[in-house]
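Below: one structure, written as structure tokens.
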Amino acid sequence: MHEEPRSRTRPTAFYAAIVFLAGACYAASPPIIKAAEASGFTWQQTTFAQCLFGLVLFAAAAAGAVARKAPGTRIDLREALRLVTLGLITCSVTLLYTFTLSLVSASMALTLLFQFVWMGIALEAILARRPPKPVELVATVFVLAGAYLGSGLADEGIGALSIVGFVAGVGTAACYTANLFLNGRMGVFTNWAVRGLFVNIGTMIPAFIFCPAFFTSGALAHGIALPGFSLGLVGQLLPIVLLGIATKHLPAGLTTIMASSELPVGILLAVLVLGESATPLKVLGVAFVLAGIAMTQIPELARMRKTPERNAPDKNAIA
Numbered sequence: 003m004h005e006e007p008r009s010r011t012r013p014t015a016f017y018a019a020i021v022f023l024a025g026a027c028y029a030a031s032p033p034i035i036k037a038a039e040a041s042g043f044t045w046q047q048t049t050f051a052q053c054l055f056g057l058v059l060f061a062a063a064a065a066g067a068v069a070r071k072a073p074g075t076r077i078d079l080r081e082a083l084r085l086v087t088l089g090l091i092t093c094s095v096t097l098l099y100t101f102t103l104s105l106v107s108a109s110m111a112l113t114l115l116f117q118f119v120w121m122g123i124a125l126e127a128i129l130a131r132r133p134p135k136p137v138e139l140v141a142t143v144f145v146l147a148g149a150y151l152g153s154g155l156a157d158e159g160i161g162a163l164s165i166v167g168f169v170a171g172v173g174t175a176a177c178y179t180a181n182l183f184l185n186g187r188m189g190v191f192t193n194w195a196v197r198g199l200f201v202n203i204g205t206m207i208p209a210f211i212f213c214p215a216f217f218t219s220g221a222l223a224h225g226i227a228l229p230g231f232s233l234g235l236v237g238q239l240l241p242i243v244l245l246g247i248a249t250k251h252l253p254a255g256l257t258t259i260m261a262s263s264e265l266p267v268g269i270l271l272a273v274l275v276l277g278e279s280a281t282p283l284k285v286l287g288v289a290f291v292l293a294g295i296a297m298t299q300i301p302e303l304a305r306m307r308k309t310p311e312r313n314a315p316d317k318n319a320i321a
């Protein structure tokens, strides 16, 4: 009797775990940045090193994709320039985030970064010319409350706040919101490695502006290559590879929730690696932010229960 081949489809939990791991990779960046700062490197040098090694890693990945003739590796000049422009915004996120970490704790920087949740809600409402939904308004309140608690202000008071660091953190979230919006509209049919290569070429432009003397400063000779490579790996290449593997098998709502692992994992690393305090109010703040994120995805998750079909796989995603 002919036996039907077994399905090779993995359970949803497997791909959700991969997205969780991608978020955890992003969470590893603050301890590395703080370690580079403790070694005497400036935030400008650290940003440059991350962009440089991210470029090297994506160049190697793109070369491999072209060599094996992967789909989506051909790109015209107009699309290449659009992706380079996207890289300018991507680098703005990196620059502001690294600068924020030089002024405030990793816990506060992460909590401020996650303000992109309500900023994204506001941007969507403006572009769609509709008022926010009630669940979105409630989610915004939760995220803002979580920012206040998770930042440590409730424990330490306003006097412990770096105003410049706070503004830079909010600016990071704003740039990240714009980056997420444009990411879904630029180079969507381009191979992930080639796309990442041109985006990283764009990141080098502001990196050179803010740190023009990187190669003559002696930073490479003094060991910035290790944190730079690590940041390029866990902050750029690995998350994109992992998300490319998993997101085509998951609805966007579940992907958003699982990728939010960056916040709790980041806070945990800040406590274990950097020795930051984890007060009950900070933990409650993280819970508030995660609850707010989950609320924004309730409608989509409800649709997922009614409709078992998944989104069509992206032919350019990583197999």
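Using the numbering used here, read the sequence shown as starting at 3 and increasing by one per residue. Even for Gly, the Cβ is constructed at its ideal location relative to N, Cα and C. Note that the structure is a prediction, hence the values are computed from the model and not measured.
Among Ala-29, Phe-43, Leu-57, whose alpha-carbon lies nearest the alpha-carbon of Val-201? As a position in the sequence shown, residue 201 is number 199, starting the count at 1. Measuring from the Cα of Val-201, the nearest candidate turns out to be Leu-57.
Let me know the secondary structure DSSP gives Met-260 once reduced to three states. Position 258 of the sequence shown, counted from the first residue, corresponds to residue 260. Looking at Met-260 - three-state DSSP - the assignment turns out to be helix.
Met-121 in three-state terms, based on DSSP: Taking the sequence shown and counting its residues from 1, the one referred to as residue 121 is at position 119. DSSP places Met-121 in helix when its eight states are reduced to three.
Round the Cβ separation of Leu-322 and Gly-230 to the nearest angstrom and send it over; I've been treating them as touching at under 8 Å. With the chain covering 3 to 321 only, the question about residue 322 has no answer from this structure.
Just to confirm before moving on: does the CB-CB distance between Ser-109 and Gly-152 stay below 9 Å? Working through the sequence shown from its first residue, we reach residue 109 at position 107. Working through the sequence shown from its first residue, we reach residue 152 at position 150. Taking 9 Å as the cut-off, the Cβ atoms of Ser-109 and Gly-152 count as close.
Closest Cα partner of Ala-227 within the set Pro-134, Gln-47, Ala-18, Ala-15: In the sequence shown, counting from the first residue as 1, residue 227 sits at position 225. If we check each option's Cα against that of Ala-227, Gln-47 comes out closest.
Do three or more CB pairs link the segment 182 to 197 to the segment 72 to 80 at distances below 8 Å? yes
Residues in its own chain within less than 8 Å of Phe-22 by CB, not counting five upstream and five downstream? Sequence index remark: in the sequence shown, residue 22 carries index 20 (1-based). Met-260, Ala-261, Ser-263, listed in sequence order.
Do three or more CB pairs link the segment 195 to 214 to the segment 111 to 118 at distances below 8 Å? no
Fully enclosed by the segment 141 to 207, which beta strand (DSSP E) runs are 3 residues long or longer? none
Helix, strand or coil at Ala-72 [DSSP, three-state]: Position 70 of the sequence shown, counted from the first residue, corresponds to residue 72. Here Ala-72 sits in coil by DSSP.
Contact check, Ala-195 vs Ala-24, beta carbons under 9 Å: Position 193 of the sequence shown, counted from the first residue, corresponds to residue 195. Position 22 of the sequence shown, counted from the first residue, corresponds to residue 24. Taking 9 Å as the cut-off, the Cβ atoms of Ala-195 and Ala-24 do not count as close.
Inspect the beta-carbon positions of Leu-239 and Gly-198 and report whether they are closer than 9 Å. The residue labelled residue 239 in the question sits at position 237 within the sequence shown. The residue labelled residue 198 in the question sits at position 196 within the sequence shown. Going by C-beta atoms, Leu-239 is nearer than 9 Å to Gly-198.
Ala-175 versus Leu-97, Lys-36, Phe-50, residue with shortest Cα-Cα distance: As a first step, residue 175 is located in the sequence shown; it is residue number 173 there, counting from the start. Of the listed residues, the one whose Cα sits closest to Ala-175 is Leu-97.
Residue environment, Ser-104, which counts as buried when at least 16 other CB atoms sit within 10 Å: Looking up residue 104 in the sequence shown gives position 102. Buried, by the Cβ-count rule.
When the distance is taken between beta carbons, is Val-285 closer than 9 Å to Val-145? Taking the sequence shown and counting its residues from 1, one reaches residue 145 at position 143. Taking the sequence shown and counting its residues from 1, one reaches residue 285 at position 283. No, Cβ-Cβ distance for Val-145 and Val-285 is not below 9 Å.
Short of 7 Å in beta carbon distance, which residues of its chain neighbour Met-121, apart from the five on each side in sequence? Order them along the chain. Translated into positions along the sequence shown, residue 121 becomes position 119. The beta carbon of Met-121 sits closer than 7 Å to those of Ala-175, Ala-176, Thr-179, all from its chain and outside the five residues before and after it, given in chain order.
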